[in-house]
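Residue numbers (our numbering), protein chains in the order written: chain P, 1480 to 1873; chain X, 5 to 297. Note that beta-carbon positions come from the ideal geometry of N, C-alpha and C, so glycine has one too. Worksheet for the structure shown next.
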Amino acid sequence: MSNEQSRTTLQRPWQLVAQREVSTKIRDKTFIGSTAFMLILVLAAVIIPALISGSGGPDKIAVLNDAGVQVVQQADAISGGDSYEATRVADAAEAERLVSDGDAKAALLPGDSGYVVLGDDRVDSGIQSNLREAVVNLGMEQNAARAGLTPDQLRANTQLQERLLNPGPLPEVVADFVNIGLALVFYMTALGFGMMIAQSVVQEKESRVVEILAAAVPIRALLWGKVIGNTVLALSQIVVIAAASLIGLILTDQADILKVIAPVAGWFVVFFVLGFVALAGLWAVAGSLATRQEDLGSTTLPGQMILMIPFFFSVFAGASAKSVASFIPIASSMAMPGRMLTEDVPLWQPLVAILILLAATVLIVRLGARLYERTLLQTGRRLGYREALAIKAG
Amino acid sequence: MLSVAGLTRRFGDHLALDDVSFDVVPGRMTGFVGANGAGKTTTMRIILGVLGATAGEVRWNGSPLTHQVRRDFGYMPEERGLYPKMKIRDQLVFFGRLHGLDPARAGERTDKILGRLGLTERAGDILETLSLGNQQRVQIAAALVHEPIALVMDEPFSGLDPLAVDSMVDLLREEVTPEVPVLFSSHQLELVERLCDDLVVLSRGKVVAAGPVAELAAGPTATYRMVMDGDAGWLRDIEGIKVRDVDGATALFDVAEAGLDQLVLQQAISRGSVLEFGPERVALSDVFREATR
Chain P
1480 MSNEQSRTTL QRPWQLVAQR EVSTKIRDKT FIGSTAFMLI LVLAAVIIPA LISGSGGPDK
1540 IAVLNDAGVQ VVQQADAISG GDSYEATRVA DAAEAERLVS DGDAKAALLP GDSGYVVLGD
1600 DRVDSGIQSN LREAVVNLGM EQNAARAGLT PDQLRANTQL QERLLNPGPL PEVVADFVNI
1660 GLALVFYMTA LGFGMMIAQS VVQEKESRVV EILAAAVPIR ALLWGKVIGN TVLALSQIVV
1720 IAAASLIGLI LTDQADILKV IAPVAGWFVV FFVLGFVALA GLWAVAGSLA TRQEDLGSTT
1780 LPGQMILMIP FFFSVFAGAS AKSVASFIPI ASSMAMPGRM LTEDVPLWQP LVAILILLAA
1840 TVLIVRLGAR LYERTLLQTG RRLGYREALA IKAG
Chain X
5 MLSVAGLTRR FGDHLALDDV SFDVVPGRMT GFVGANGAGK TTTMRIILGV LGATAGEVRW
65 NGSPLTHQVR RDFGYMPEER GLYPKMKIRD QLVFFGRLHG LDPARAGERT DKILGRLGLT
125 ERAGDILETL SLGNQQRVQI AAALVHEPIA LVMDEPFSGL DPLAVDSMVD LLREEVTPEV
185 PVLFSSHQLE LVERLCDDLV VLSRGKVVAA GPVAELAAGP TATYRMVMDG DAGWLRDIEG
245 IKVRDVDGAT ALFDVAEAGL DQLVLQQAIS RGSVLEFGPE RVALSDVFRE ATR
């Protein structure tokens, strides 16, 4: 037939399905709205804490005299500048009052042989160590001058340099935030896109267009198109949000965090993609079991549980439980990247976790594809998972 | 040529199709009729690979139908459906490409068909904003956009007014080239009689009649009708014919063997003027009723 020529540039059907999925979504108001909302949320999370902590400026440290001021200045220089600021007070009593009122982070008072650092309920460990170093430096220099040595002579052969085999983790609070943040990004993206996948499947069933689709292309191609299209969308959404938070971090001078996050970012992407694809297969099945939008509430319940339980587990569980979770498929997508940020995780652990996740993803997707093929064209009524498993092919 | 050979399909204990075989010849429209639940939709879904057969197979030019070939088929399912929230043009281009057209060709074909359907101005509209009749036209367009090598349509004209049916039929006649076999099911028997060249009658999962409409309408034994200017009672005395009814000058009789009709005609002429003589055409609805009884 004369058509043959026009049919020579066949595109793989799943690509077409994926393309349609993407082009429909990016014009969908709900999708644009939710992306914008997440963008604002993440930017707020990045910028607002910086504004709050930045508004206080450097930590105030109460001192009684010039020597105290000098120590604080030295400590400030040691910590990289803009960290501490000396506040002159008249006496120890006033210093105590400032500290207990929270107007000063700490006070540096003369002590028996050097100084005393005064804190309210505790002294920030950073302040303490920087002050200690400053006090030692200044004191030694003065002692050296008295003994007729120059500061350089004094310091000869006393340098201790630091070299870490496993570079240290983030400060604890930041680490917790990043940890929860990474798990949350996966949780929200997987849930949001999961529901969208299930909806888009059930819409095709509801509108009966699925009959034409199934006649034109293999059902597996439909499934793959949906899964791949939505994975691409989800990753792009994350890239957009990551770019926005990057700009936010740079603008608010928090770019240091990136140094810690950057090495984990690649791992995060791998865990994300594998976990997302496995779940996407399940969400598509949730859609194909339903016959109407209203059925989705019950058919997506298992998917929601599979996400929610590991999410709370990986965020709130203790360290050892978290270690276990970081090997369990799906849970590992939320737990492992965070663990790698906050602890020194040996390389074999994420590799093993990825292998387990990969195996699980292959299994889940294959099972999903089978269920999808068997249930997609059943438009009579909502099916249960057990029922679907019992349906014979054909 | 599209053929189904020995198609059997069970749903649990229910035998929906029982050894169904027939051919859909290129260039001829084949009507597919049968009562509700006779198995028409099941047969069509099996042809399109949307449903599996318990036994038997679908053949294309003699060999088993492959997915690659089936991708070039056009299908209009019983339960209509397109993407309700997608623009008409985008939708048709998508289906064209899904069936293997390249983007440029798919666009070309879409514009041509939309033009023919008088929907060019609505090309950018969302499907669900169209009237149901127009949605039905788009549905047919979706089955035709990729220049199908075979066309299977389940009740394509149901729900259309007579004018819409006519314009749809015109579209089919223009779009369907002589090498394309067309199978369509319908309840509207006079429509089938008007449009179809061949007919397949299905009853409770079995083919009870199949063949050219003209032959089926002529009945299993040829029935003739004769009107004379005198009494036709003499017919009863002629051997080899079975008189069904004589009412004065008008007679209805069956001829058992070919050629006898000419003998009767000669006799009639020798007895007086013959006003009418010819095979009695049976209405398709009678054929249908007879076949599915």
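Please confirm whether isoleucine 1833/P and alanine 1759/P have their CB atoms less than 8 Å apart. Looking up residue 1833/P in the first sequence gives position 354. Looking up residue 1759/P in the first sequence gives position 280. Not a contact, by the Cβ cut-off of 8 Å.
Answer yes or no: does any C-beta atom of chain P fall closer than 8 Å to that of phenylalanine 98/X? One-based indexing of the second sequence puts residue 98/X at position 94. Yes, phenylalanine 98/X lies at the interface with chain P (some Cβ there is under 8 Å from its Cβ).
Inter-residue spacing [alpha-carbon to alpha-carbon] between aspartate 23/X and threonine 114/X: As a first step, residue 23/X is located in the second sequence; it is residue number 19 there, counting from the start. As a first step, residue 114/X is located in the second sequence; it is residue number 110 there, counting from the start. Their Cα atoms are separated by approximately 39 Å.
With a cut-off of 8 Å, does the C-beta of histidine 18/X fall near any C-beta of chain P? Residue mapping note: residue 18/X aligns to position 14 of the second sequence, counting from 1. Answer no: the Cβ-Cβ gap between histidine 18/X and chain P never drops below 8 Å.
The beta strand (DSSP E) with serine 25/X in it runs from where to where? Here the question's residue 25/X lines up with position 21 in the second sequence. Here the beta strand (DSSP E) through serine 25/X covers 18-28.
Shorter than 8 Å from the beta carbon of valine 1681/P to some beta carbon of chain X? Locating residue 1681/P in the first sequence gives position 202, where the first residue counts as 1. So, not an interface residue.
Could you please give the first and the last residue of the uninterrupted alpha helix (DSSP H) stretch that includes glycine 1776/P? Here residue 1776/P corresponds to residue number 297 of the first sequence, with the count starting at 1. Residues 1775-1778.
Completely contained beta strand (DSSP E) runs for the stretch 46-92 of chain X, where each covers 3 or more residues: Fully enclosed beta strand (DSSP E) runs of 3 or longer: 59-64 and 77-80.
Do you know whose CA, among Gly276/X, Asp27/X and Leu267/X, lies nearest proline 185/X's CA? Taking the second sequence and counting its residues from 1, one reaches residue 185/X at position 181. Answer by Cα proximity: Asp27/X.
Tell me, please, whether the CB atom of valine 278/X is closer than 8 Å to any CB atom in chain P? Residue mapping note: residue 278/X aligns to position 274 of the second sequence, counting from 1. Chain P contact via Cβ: absent.
Look at glycine 1817/P and alanine 1700/P and say whether their C-beta atoms are less than 8 Å apart. Locating residue 1817/P in the first sequence gives position 338, counting from the first residue. Locating residue 1700/P in the first sequence gives position 221, counting from the first residue. Contact: no.
Can you find a C-beta in chain P that's less than 8 Å from the C-beta of histidine 191/X? Along the second sequence, one-based indexing puts residue 191/X at 187. Closer than 8 Å: no.
Tell me the residue span of the beta strand (DSSP E) that contains serine 1562/P. In the first sequence, counting from the first residue as 1, residue 1562/P sits at position 83. Element bounds for serine 1562/P: n/a, residue is neither H nor E.
If we require 3 or more residues per run, which beta strand (DSSP E) segments fall completely within the stretch 253-296 of chain X? DSSP runs (the beta strand (DSSP E)) wholly in the stretch 253-296 of chain X: 254-259 and 278-283.
In terms of DSSP beta bridges, what is aspartate 202/X paired with? Translated into positions along the second sequence, residue 202/X becomes position 198. Note: aspartate 202/X sits in a beta bridge opposite Thr34/X and Pro216/X.
Note down, in chain order, every chain X residue with its Cβ under 9 Å from the Cβ of leucine 1856/P. By 1-based counting over the first sequence, the position of residue 1856/P is 377. Per Cβ cutoff of 9 Å: Arg49, Val54 and Leu55.
Could you name each continuous alpha helix (DSSP H) segment of 4 residues or more that falls completely within the stretch 1612-1648 of chain P, going from the start of the chain to the end? 1630-1634
Which residues, in chain order, does the stretch 125-151 of chain X contribute to contact with chain P at a C-beta distance below 7 Å? Ala146 and Glu151
Consider the Cβ of glutamate 61/X: report whether some Cβ of chain P lies at a distance smaller than 8 Å. Taking the first residue of the second sequence as 1, we reach residue 61/X at position 57. Taking 8 Å as the CB threshold, glutamate 61/X stays off the interface with chain P.
Within the chosen definition, does the stretch 1495-1509 of chain P reach the stretch 1709-1723 of chain P through at least 3 CB pairs nearer than 8 Å? yes
Under a CB-based cut-off of 8 Å, is threonine 1770/P close to chain X? In the first sequence, counting from the first residue as 1, residue 1770/P sits at position 291. No, no contact with chain X.
Whole angstroms is fine: what's the gap from glutamate 219/X's alpha carbon to arginine 49/X's? On the second sequence, residue 219/X is found 215 positions in, with the first residue counted as 1. On the second sequence, residue 49/X is found 45 positions in, with the first residue counted as 1. Glutamate 219/X and arginine 49/X: Cα-Cα distance of roughly 28 Å.
Which class does aspartate 1591/P belong to by DSSP, given the choice of helix, strand or coil? For the purposes of this step, residue 1591/P is identified with residue 112 of the first sequence, where counting begins at 1. Aspartate 1591/P: coil per DSSP, three-state reduction.
Given a threshold of 16 other Cβ atoms within 10 Å of its Cβ, counted over all protein chains shown, does lysine 1705/P qualify as buried or as exposed? Numbered from 1 along the first sequence, position 226 holds the residue referred to as residue 1705/P. Counting C-beta atoms within 10 angstroms of its own C-beta, lysine 1705/P has 16 or more neighbours from the protein chains shown and is therefore classed as buried.
To which residues does DSSP link methionine 154/X through a beta bridge? For this step, residue 154/X is matched to residue 150 along the second sequence. In the sequence under discussion, the amino acid at residue 154/X is alanine, which differs from the methionine named in the question. Note: alanine 154/X sits in a beta bridge opposite Phe77/X.
When burial is assigned at 16 or more other CB atoms within 10 Å of the CB, is lysine 1738/P buried or exposed? What you label residue 1738/P is simply residue 259 of the first sequence in a count that begins at 1. Per the 10 Å Cβ criterion, exposed.
Answer yes or no: does any C-beta atom of chain P fall closer than 8 Å to that of glutamate 83/X? Along the second sequence, read from residue 1 onward, the residue named residue 83/X stands at position 79. Yes, glutamate 83/X counts as interfacial toward chain P.
In the structure shown, what three-state DSSP assignment does lysine 1584/P receive? On the first sequence, residue 1584/P is found 105 positions in, with the first residue counted as 1. Here lysine 1584/P sits in coil by DSSP.
Residues near leucine 148/X in its chain [Cβ-Cβ closer than 7 Å; skip 5 each side]: Numbered from its first residue, the second sequence carries residue 148/X at position 144. Excluding positions up to five away in sequence, the list reads Gly78, Ile117 and Glu179.
Measuring CA to CA, which of Asn1616/P, Glu1683/P, Pro1528/P and Ser1777/P is closest to glutamate 83/X? Numbered from its first residue, the second sequence carries residue 83/X at position 79. The residue with the shortest Cα to Cα distance from glutamate 83/X is Glu1683/P.
Within this structure, are the beta carbons of aspartate 202/X and proline 216/X separated by less than 8 Å? Indexing the second sequence from 1 puts residue 202/X at position 198. Indexing the second sequence from 1 puts residue 216/X at position 212. Yes. Within cutoff.
Contacting positions in the stretch 101-128 of chain X - beta carbon closer than 8 Å to chain P: Arg101, Leu102, His103, Gly104, Leu105, Asp106 and Arg109
Between threonine 1668/P and chain X, is there a C-beta pair that is closer than 8 Å? Within the first sequence, numbered from 1, the residue matching residue 1668/P stands at position 189. By this cut-off, threonine 1668/P is not an interface position.
Within 10 Å of its beta-carbon, does alanine 1734/P have 16 or more other beta-carbons around it, so buried, or fewer, so exposed? In the first sequence, counting from the first residue as 1, residue 1734/P sits at position 255. It is exposed - the Cβ of alanine 1734/P has fewer than 16 other Cβ atoms within 10 Å.
Please go through the same chain and pick out, in chain order, the residues whose beta-carbon is closer than 6 Å to the beta-carbon of glycine 137/X, but skip the five residues on each side of it. Within the second sequence, the letter at position 133 stands for residue 137/X. The residues are Ala168.
Can phenylalanine 1665/P be considered in contact with the ligand MN, in the sense that its beta carbon sits closer than 7 Å to one or more heavy atoms? The ligand MN is not among the ligands present in this structure, which contains no ligands whatsoever.
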